Every structure is written in structure tokens, then in C-alpha cells.
Amino acid sequence: MCGIVGYIGREEAAPILLDGLKRLEYRGYDSAGMAVYDPEEGLTVAKAKGRLSVLSELTEGGKTVRGTMGVGHTRWATHGVPSDVNSHPQVSQSGRIAVVHNGIIENYMALKEFLVANGVDFVSETDTEVVAQLIEYFYEGDLLQAVGRVLHRIEGAYALGILCADEPDKVVAVRKDSPLILGYGQDCAYLASDVTAVIRYTREVSYMEDGEIAVLTRGGVRVYNALMQPVVKEHHTVDWDIDAAEKGGYEHFMFKEIMEQPDALRKTISPRIRDGEIVLEGLSLSPEQIRDIRNIHIIACGSSYHVGMVGKYNLEKLLRIPVEVTVASEFRYMDPIVDGRTLAIVISQSGETLDTMAALREARSLGAHILSIVNVVGSSIARESEDVLYTWAGPEIAVATTKAYSTQLVVLDMLGLYFARVLGTVTREEHDRVIGELLTLPDKVARVLTQTEQIQYYASQYFNHDSVFFIGRNLDYAMGLEGSLKLKEISYIHSEAYASGELKHGTISLIEDGTLVVALGTYGPLFEKAMSNILEVKSRGADVLGLTTEDHREQMAQVVDGVITVPETHPMLLPSLSVVPLQLFAYYVALQRGCDIDKPRNLAKSVTVE
Ligand code: F6R
13 MCGIVGYIGR
23 EEAAPILLDG
33 LKRLEYRGYD
43 SAGMAVYDPE
53 EGLTVAKAKG
63 RLSVLSELTE
73 GGKTVRGTMG
83 VGHTRWATHG
93 VPSDVNSHPQ
103 VSQSGRIAVV
113 HNGIIENYMA
123 LKEFLVANGV
133 DFVSETDTEV
143 VAQLIEYFYE
153 GDLLQAVGRV
163 LHRIEGAYAL
173 GILCADEPDK
183 VVAVRKDSPL
193 ILGYGQDCAY
203 LASDVTAVIR
213 YTREVSYMED
223 GEIAVLTRGG
233 VRVYNALMQP
243 VVKEHHTVDW
253 DIDAAEKGGY
263 EHFMFKEIME
273 QPDALRKTIS
283 PRIRDGEIVL
293 EGLSLSPEQI
303 RDIRNIHIIA
313 CGSSYHVGMV
323 GKYNLEKLLR
333 IPVEVTVASE
343 FRYMDPIVDG
353 RTLAIVISQS
363 GETLDTMAAL
373 REARSLGAHI
383 LSIVNVVGSS
393 IARESEDVLY
403 TWAGPEIAVA
413 TTKAYSTQLV
423 VLDMLGLYFA
433 RVLGTVTREE
443 HDRVIGELLT
453 LPDKVARVLT
463 QTEQIQYYAS
473 QYFNHDSVFF
483 IGRNLDYAMG
493 LEGSLKLKEI
503 SYIHSEAYAS
513 GELKHGTISL
523 IEDGTLVVAL
533 GTYGPLFEKA
543 MSNILEVKSR
553 GADVLGLTTE
563 DHREQMAQVV
573 DGVITVPETH
583 PMLLPSLSVV
593 PLQLFAYYVA
603 LQRGCDIDKP
613 RNLAKSVTVE
């Protein structure tokens with residue numbers, strides 16, 4: 013989704029803004045722009061539809077836009093098509109106020125009508141222009157005051173970066189339901205929708221809260237709450253460095269992040285296992301509270317939701333507590349059965365997904381205890397949860413999630429195992445076996461990663477199929493959902509995941525000569541059934557690529573066209589292994605098809621609109 017960068021200091025702003033925007037490119041966008049102020053040249057705005065390189069060429073790498081303070085933006089169109097004029101910054105009628113905006117102003121139509129009736133001319137189709145015009149409408153020589161008045165009138169979600177030509181010593185920032193961080197430097201300050209944009213310049217940051225207004229100057233940053241009372245912000249030090257957010261010799265972030273999984277898993281698992289026991293710092297629930305849980309709701313979107321699907325199988329088996337998994341956008345409108353004895357597990361890589369955040373608030377208002385599994389430290393979902401278990405995957409840049417997914421899975425497994433110990437629903441022997449397997453998981457994932465060549469070969473065989481089915485039962489079905497999403501989002505091949513037993517209830521009519529079916533049969537107790545389903549599709553002409561464990565390789569190889577294996581492990585951990593070949597398969601298919609792997613069309617890394 014959209015990205016914001018702001019800077020005020022002693023250096024030329026434009027190159028810093030362009031560099032920051034470059035690091036936000038992964039979020040997805042269709043146009044880019046910036047506004048920079050210089051005492052001699054006033055407020056200069058440069059913006060253009062298309063990639064950041066277009067803006068960079070337009071401004072000769074920022075050289076033609078002079079000034080030491082400014083705001084920049086990458087836009088992911090919501091209101092109005094991607095075009096030069098709809099790009100941000102949006103500027104007020106007189107050209108004195110420039111605004112960049114992430115989010116949606118829901119009541120913009122009514123405000124626009126009001127402004128038009130008062131003689132204001134609009135040039136764009138955006139909701140953001142309303143904000144710029146409204147600030148000018150209320151401006152009486154004090155930007156902060158004018159912004160305060162506008163905030164009482166706009167509804168929706170927004171992160172705003174604002175410049176005013178009449179107050180050339182400040183950048184004003186506002187946040188509501190859309191992330192913004194403040195960065196601190198020597199005689200300078202930064203603003204960004206994502207730490208990645210400013211990590212090259214500073215590691216000292218604060219996270220803005222909803223309703224807060226910040227005034228950035230060369231001498232420091234002042235923050236006010238919605239009542240305009242000063243707020244003292246906590247400063248945090250970002251503990252990863254710029255290398256983690258760079259490609260480091262790999263062609264794509266996605267591939268780099270797939271290869272980083274053994275390390276990410278090690279970092280997420282090892283500190284949480286001490287003397288053979290799971291230790292979950294960040295969990296405040298007492299044993300009594302855990303014993304009091306009547307039902308669990310797992311809430312998430314996309315791949316994080318698929319982690320929840322795996323979680324449902326594993327948690328119900330381990331705990332004998334009913335677990336429901338719901339996509340966040342449905343949860344908030346479905347009148348869920350939640351009360352004070354409900355545990356809501358909220359899963360999110362970014363910690364900023366708007367639907368997930370809204371569902372979290374709904375669950376909380378109904379009395380649920382909120383435990384989140386989040387990757388981005390200090391993100392909104394993390395801050396609004398009672399308990400947070402972080403996945404220590406490091407920054408994930410590719411739009412398609414890989415290492416965050418894998419680390420979410422193991423955190424949920426460890427949570428389940430911990431609860432099972434408290435509830436007495438797992439034997440000591442079983443518990444210790446899973447712990448042992450968890451500790452070897454990073455090495456086993458590394459072993460799966462040695463099969464890249466073979467998977468690339470299969471991708472070269474099947475990359476030109478129009479339609480692919482992923483089938484499996486139980487945990488293999490949950491994995492099929494993720495395998496299918498990975499493939500379709502980055503390769504644009506239509507694919508669907510089916511519980512194998514469902515095929516004969518309709519879908520099997522779509523199987524014909526040459527249809528590709530990826531058949532997952534890693535889950536030992538149902539292996540024979542998986543084999544029967546493979547025969548069903550084979551006898552109707554499908555090409556089958558099978559995925560199973562090393563022990564079952566031979567048996568499966570007899571009936572499929574190609575087979576990929578994963579090492580044996582405890583059944584509940586199999587998804588952590590089987591997801592890896594599915595990620596690689598999607599990656600290589602997309603590579604063969606010449607797709608923009610790290611930035612698939614129409615998608616964004618952090619989905620901050622409903
Ligand atoms: C798919 C993918 C998305 C995200 C979804 C939720 O590869 O990355 O489906 O999983 O948008 O995002 P988070 O986890 O940030 O809430």
C-alpha cells in the first residue's frame with residue numbers, strides 16, 4: 013500500500029526522500045511524488061504515475077527539487093485512477109499546503125461538496141486533495157491549529173505528512189489507523205510509514221499512536237494528543253540493520269527470504285526452549301486463565317489465515333478446545349461467539365493489516381483475551397494486544413510472505429505445546445518428542461532447500477499450465493491452501509486448493525488431460541487415502557506432482573509424474589517442512605513466466621485499507 017517518507021534537516025531532502033521511497037517500493041504502488049520546500053524557490057512538487065524511476069528521472073535524482081525539508085509518497089490508487097494528477101502530494105488551491113496521505117478519507121465527498129460550495133476548485137479525483145484544501149480553508153497563520161480543526165472533520169483511516177509554505181520550519185504528521193513512525197537524528201528528524209524507509213539514517217524511532225499529531229523541526233520533534241496536550245514519546249532502537257532489508261546478491265527478495273528460513277526459525281525457536289520446556293516471554297496468561305479458556309478464535313488474513321488453518325488442526329488435537337479460524341474481514345461482521353472465556357489469537361506479519369486490526373478490536377470489545385503473533389516490532393496490532401509473541405523473522409520485503417509464514421507456524425506450535433502442558437493434554441513423552449523435533453526443524457528446512465534444482469526442473473515442466481489444483485487432507489489440505497495462494501499471487505496462474513475428499517463433490521469435473529494437480533501426502537495417518545485421490549485424478553488425465561515424506565517416496569513415485577520429498581518429523585510440524593517446496597515451486601514458476609516476483613501486480617505488502 014501507499015508509503016510515506018518525510019525529512020527536515022540540513023541536507024538536501026529530495027535524495028533522502030527518493031532513497032526512503034525506494035525502500036518502501038515493496039509495499040506496492042502505482043505512482044510516486046514529493047514536495048520539497050526551499051526559502052528561495054518555495055514549495056516545489058514533483059510527481060508522476062509509474063515506477064519511482066520515473067520520478068527519479070523527472071527530478072534528475074532529486075537534483076532539480078531543492079530544499080532541506082520535504083515529504084514523499086508512493087501511491088497505491090484507491091480514489092481515482094493512477095495518474096500524474098492523482099499522485100501525491102496533493103496541493104491546496106493556492107499551492108501553499110502540500111499533503112501526502114496513506115489510508116482513506118471516508119467522508120471526502122461531503123467535505124468536497126462543502127468546499128466547492130465555498131469556491132474551492134479541485135483538480136484531482138482523490139480523497140487526499142480534500143485534506144489539503146480543508147487545511148487551507150481553516151488556515152489562519154497557524155498550521156497546527158488548522159490541522160487540528162481538520163482532524164475534527166475528517167473520518168476514516170489516515171497517516172498524513174503535511175508541509176506549509178508559510179511555515180517553512182516544520183513538517184506536521186498525523187496518524188489514525190495507519191502506521192507512522194518518527195525518526196530522530198542530529199539536527200534533523202524523519203517521518204515514515206515503515207522503519208525500512210529511514211533505517212539507513214537512524215535507528216532511533218518512536219511509534220505514533222492513533223490521534224497523535226507530531227511537529228518535526230530541525231531542533232527536535234514535539235508530539236501532541238488529540239486534545240493538543242504534549243505527549244512524551246518513548247524512543248526505541250531498531251535492532252536490525254540495513255543489510256537485512258537488502259537483497260544481498262540474490263535476484264529477488266522472495267528467494268532470499270525463502271533461503272533465510274532456517275535462520276529465522278532458529279531465532280524464533282531456540283530462545284523459547286529452555287531445559288526442555290517452552291518459555292513464552294510475552295505471555296501474561298496464568299495457568300488458571302489458560303484452564304479457563306472455553307474457545308479459541310484465530311483471526312488473520314491471507315497467508316497468516318492459512319497459518320491459522322494449520323493451527324486449528326494442531327491446537328484442537330493437542331488441547332481438545334474448539335478452535336475457529338476466520339478471515340479477519342468476515343470476523344468483524346459475523347456476530348462471532350466470543351466472551352470473557354475466549355482467547356483470540358491474532359496473526360499478522362506486518363501488524364498493520366486494517367481488517368485484522370478491526371477484528372482484534374471487535375474481539376476485544378466482546379471480552380476476548382487478545383494474544384497476537386506478529387513480526388513487526390511496535391506495530392499497531394502488537395501494541396493493541398494484551399500478549400504478543402514475536403516471530404523473529406527479520407524484515408520481510410517480498411510481497412509474498414515466506415519466512416514470516418514459517419515462523420508464525422512454529423510460534424503457534426509452541427503456544428499449543430505450552431498450553432497442552434498446562435492443561436495436561438499431552439504426555440511428557442509426546443511433549444519431549446515435539447521439543448526435540450522443533451530443535452531440529454531449522455536443519456531439516458535447510459535440507460529441503462537443497463532440492464532447489466529439482467523443484468526448478470518441475471517448474472520448467474509445468475510453468476505454462478493455466479490452472480492448477482492443490483489437493484490434500486488434514487494438515488496437507490491446510491498446506492495446499494498456502495501453496496495455491498503462493499502460486500497464484502506471484503505467477504498469476506489460476507489455482508485452487510481442495511480438501512481431497514471434496515473433489516468428487518464437484519471439482520473433479522474440471523480435471524482433464526494435462527491438468528496439473530499438486531498432491532500433498534505428507535501426513536502419515538492419511539497417506540493411503542492421499543494415494544487413492546491421486547489415482548482418481550490420474551485416471552482422468554491429470555499430471556500429478558506429488559509431495560510426501562522421504563519414507564513414502566517410493567510408493568508415491570510409482571503413481572505420480574514427479575515427486576518432491578521432505579524429511580520425517582513429528583506430524584504436527586510437517587507443514588513447516590512441506591511449505592518450503594511449495595514456496596520454491598511458486599517462485600520458479602513465476603520466474604519462468606517472467607513475472608515481477610517481489611512486487612506482484614495489484615498487491616501490497618501491508619494492506620492498510622478495508
Ligand atoms: C501472501 C501474503 C498475504 C498476507 C496478508 C496478511 O503471500 O503475504 O496474504 O499474509 O495480506 O498480512 P499480514 O500478515 O501482514 O497481516
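Numbering (my numbering), first residue to last: 13 to 622. For glycine and all other residues, C-beta sits at the position ideal for the given N, C-alpha and C. Just so you know, these numbers come straight off a predicted model, no measurement behind them.
Exercise. Would you check whether ligand 1 has a heavy atom nearer than 8 Å to the C-beta of residue 466?
Key: no
Practice problem: Answer yes or no: do residue 394 and residue 356 have a C-beta to C-beta separation smaller than 9 Å? | Solution: no
Self-check item: Close Cβ partners of residue 118 (< 7 Å) along its chain, the five nearest in sequence each way excluded
Solution: 167 and 168
Exercise. Express the C-alpha separation of residue 217 and residue 58 in angstroms, rounding to a whole number.
Key: 28 Å
Quiz prompt | Span separating the alpha-carbon of residue 594 from that of residue 235 | solution = 46 Å
Quiz item: Comparing alpha-carbon positions, which option in 231, 182, 467 and 214 lies nearest residue 253?
Solution: 214
Exercise. Please report how far the alpha carbon of residue 495 lies from the alpha carbon of residue 527, in whole angstroms.
Key: 16 Å
Quiz item: For ligand 1, any of its heavy atoms closer than 8 Å to the Cβ of residue 313?
Solution: yes
Practice problem: Just the C-alpha distance for residue 274 and residue 290, rounded to the nearest angstrom, thanks. | Solution: 19 Å
Quiz item: Residues in its own chain within less than 6 Å of residue 336 by CB, not counting five upstream and five downstream?
Solution: 309
Practice problem: Determine the DSSP secondary structure at residue 490, reduced to helix, strand or coil. | Solution: helix
Practice problem: Compute the Euclidean distance between the alpha carbons of residue 603 and residue 267, then round it to the nearest angstrom. | Solution: 11 Å
Practice problem: Going by CA-CA distance only, name the one from 472, 194 and 556 that's closest to residue 244. | Solution: 194
Quiz item: Just curious, the alpha helix (DSSP H) that residue 324 is in, first and last residue?
Solution: 314-331
Quiz prompt | Residue span of the alpha helix (DSSP H) that contains residue 132, given as start and end | solution = Premise fails: residue 132 is in no alpha helix (DSSP H) and is neither H nor E.
Quiz item: If you drop the 5 nearest sequence neighbours on each side, which residues of the same chain put their C-beta closer than 8 Å to that of residue 398?
Solution: 296, 381, 382 and 383
Quiz item: Which residue's Cα is closest to the Cα of residue 344: 363, 321 and 312?
Solution: 312
Quiz item: Just the Cα atoms here: how many angstroms apart are residue 17 and residue 229?
Solution: 15 Å
Self-check item: Spatially closest choice to residue 498 from 447, 270 and 524, by CA coordinates
Solution: 270
Quiz item: For residue 99, which residues from the same chain have a beta carbon less than 6 Å from its beta carbon, with the 5 sequence-adjacent residues on both sides left out?
Solution: 43, 45, 59 and 87
Quiz item: For the 8 Å Cβ check, are there 3 or more pairs between the region 511-519 and the region 477-492?
Solution: yes
Quiz item: Where residue 146 and residue 127 are concerned, what is the direct C-alpha to C-alpha distance, given to the nearest angstrom?
Solution: 7 Å
Quiz item: With a CB to CB cut of under 7 Å and the five nearest residues on each side skipped, what residues in its chain are close to residue 104?
Solution: 144, 145, 147 and 148
Quiz prompt | Residue range of the alpha helix (DSSP H) that includes residue 545 | solution = 539-550
Quiz item: Is residue 207 near ligand 1, in the sense that its beta carbon is under 8 Å from a heavy atom of that ligand?
Solution: no
Quiz item: Taking the Cβ atom as the reference point for each residue, do residue 404 and residue 283 lie within a distance shorter than 9 Å?
Solution: yes
Quiz prompt | Local conformation of residue 500 per DSSP, three classes | solution = helix
Practice problem: Would you mind sorting residue 583 into buried or exposed? The rule is 16 or more other CB atoms within 10 Å of its CB. | Solution: buried
Quiz item: Taking 8 Å as the line, does the beta carbon of residue 423 fall inside it for any heavy atom of ligand 1?
Solution: no
Exercise. Report yes if the C-beta of residue 602 is less than 8 Å from at least one heavy atom of ligand 1; otherwise report no.
Key: no
Exercise. Count the C-beta pairs between the region 356-370 and the region 253-262 that are closer than 8 Å, then say yes if the count reaches three, no if not.
Key: no
Practice problem: Using 8 Å as the cut-off, classify the Cβ of residue 268 as near or not near the heavy atoms of ligand 1, replying yes or no. | Solution: no
Self-check item: Classification of residue 591 by the beta-carbon crowding that lies within 10 angstroms, buried from 16 upward
Solution: buried
Quiz item: Does the pairing of the region 292-307 with the region 464-479 give three or more beta-carbon distances under 8 Å?
Solution: no
Practice problem: With DSSP collapsed to three states, give me the class of residue 612. | Solution: coil
Quiz item: Taking just the CA atoms, how far does residue 165 sit from residue 6?
Solution: Given a span of 13 to 622 for the chain in the structure shown, any question on residue 6 remains unanswerable.
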